[in-house]
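> This is the structure I want to talk about, given as structure tokens.
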Amino acid sequence: MTFPPELYEMLEAIARSKKVSVAWVVRDATERYVAEQWPLLGRPQ
């Protein structure tokens, strides 16, 4: 997966501030997005 340079820089900054990896930030954001899209269903199976 690739991101535009500006977006990746923002992800790196968030990761540094939270002391986690960029992968963790992406995973966290993805989980939040899915939960928002399907709030009553939980995770799709």
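Residues in the sequence shown are numbered from 647 upward in steps of one, following the numbering used here.
Beta carbons are placed, not taken as given, at the ideal position from N, Cα and C, and that holds for glycine.
Under a Cβ-count criterion, where at least 16 other Cβ atoms within 10 Å of its own Cβ denotes burial, should residue 671 be classed as buried or exposed?
buried
> Can you tell me whether residue 651 is helix, strand or coil according to DSSP?
helix
> Can you tell me the Cα-Cα spacing of residue 662 and residue 680, whole angstroms?
24 Å
> Distance, Cα to Cα, residue 660 vs residue 673?
Within the model, the alpha-carbon separation for residue 660 versus residue 673 is close to 13 Å.
> Need the endpoints of the alpha helix (DSSP H) that residue 666 sits in, please.
That residue, residue 666, is in no alpha helix (DSSP H); it is neither H nor E in DSSP.
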